[in-house]
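Heads up: the structure comes next, in structure tokens.
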Amino acid sequence: NAGVTQTPKFQVLKTGQSMTLQCAQDMNHEYMSWYRQDPGMGLRLIHYSVGAGITDQGEVPNGYNVSRSTTEDFPLRLLSAAPSQTSVYFCASSYPRTGANVLTFGAGSRLTVL
Amino acid sequence: AQSVTQPDIHITVSEGASLELRCNYSYGATPYLFWYVQSPGQGLQLLLKYFSGDTLVQGIKGFEAEFKRSQSSFNLRKPSVHWSDAAEYFCAVQKTSYDKVIFGPGTSLSVIP
């Protein structure tokens, strides 16, 4: 199993550009989520999903869109990048049905917005 | 909405000394509680979790945590720290297994040889 795969690992954008961070998991996990990590701020939840077709906002959703058309994929879209979105982004998934709900994290995507 | 505080931004301990990292949460009922560790250049890994039952839970790498309902706390402990424990530690809370997982700001641990 590959686990949680995030692409790209690094990305540099100019202000106003759009891009999509990809997240895929092969563990049949129902729950998927996106976090951003900034120094001193910990991991802040952007959006999450408890299954295909279902998404909900987290703590810092503004400027980001998500969709969940399949169980495996949960892309994060930046429609118009801003320097404040410079961060490291982590995708995480879990299988709540077992009751354990332990998150499996991807390796992270480092985004710089100039 | 649930929230998590970790009062200590940075802690430095000597190798072999004991360690306690504090975590407090705000949520009316008993949530699911987690501690994750992020080592330099590595990903996030679960140390331990509490869902119900015995309030003292054991985790990997010799860590343990105690859930105290009266204090809304879930502090992480280790009796003897190793140099390899230097990392960022995150406490997290979740209301139910299908709800969002909220992380605290983290505590950075440095270990003096």
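Going down the list, the protein sequences come from chains D and P. Take 1 as the starting number for the first sequence in this note's numbering and just add one per residue. Take 1001 as the starting number for the second sequence in this note's numbering and just add one per residue. The beta carbon of each residue, even a glycine, is placed where N, CA and C say it ideally should be. Only a predicted model underlies this, so the values are computations on that prediction, with no experimental measurement involved.
Please list the segments of the alpha helix (DSSP H) lying wholly inside the stretch 1036 to 1061 of chain P, counting only runs of 4 or more residues, in order along the chain.
none
Leaving out five residues before and five after P75 of chain D in sequence, what residues of the same chain have Cβ atoms less than 8 Å from its Cβ?
Excluding sequence positions up to five before and after P75 of chain D, its CB lies within less than 8 Å of the CB of T20, L21, Q22, C23, V66 and S67, all in the same chain and listed in chain order.
For S1014 of chain P and G1059 of chain P, I'd like the C-alpha separation in whole angstroms.
Roughly 22 Å separates the two Cα atoms.
Taking the alpha-carbon positions, what's the Y1036 of chain P to Y1089 of chain P distance?
The alpha-carbon separation between Y1036 of chain P and Y1089 of chain P amounts to approximately 6 Å.
Give the residues from the stretch 38 to 50 of chain D that approach chain P closer than 8 Å (Cβ to any Cβ), ordered along the chain.
G40, M41, G42, L43, R44, L45, Y48 and V50
Just checking: is the beta-carbon of L111 of chain D within a distance shorter than 8 Å of some beta-carbon in chain P?
no
Where does T104 of chain D land, buried or exposed, given buried means 16+ other C-beta within 10 angstroms?
buried
Inter-stretch contact (C-beta, 8 Å, three-pair minimum) for the stretch 1021 to 1035 of chain P and the stretch 34 to 48 of chain D
The stretch 1021 to 1035 of chain P is not in contact with the stretch 34 to 48 of chain D.
Quick one: list the residues of chain P neighbouring V102 of chain D, beta-carbon separation under 7 Å, in chain order.
L1046 and K1049
Return the first residue and the last residue of the beta strand (DSSP E) that N62 of chain D is part of.
Premise fails: N62 of chain D is in no beta strand (DSSP E) and is neither H nor E.
Quick check: is any heavy atom of the ligand MG less than 7 Å from the C-beta of G1062 of chain P?
Absent from the structure shown: the ligand MG. Ligands present: none.
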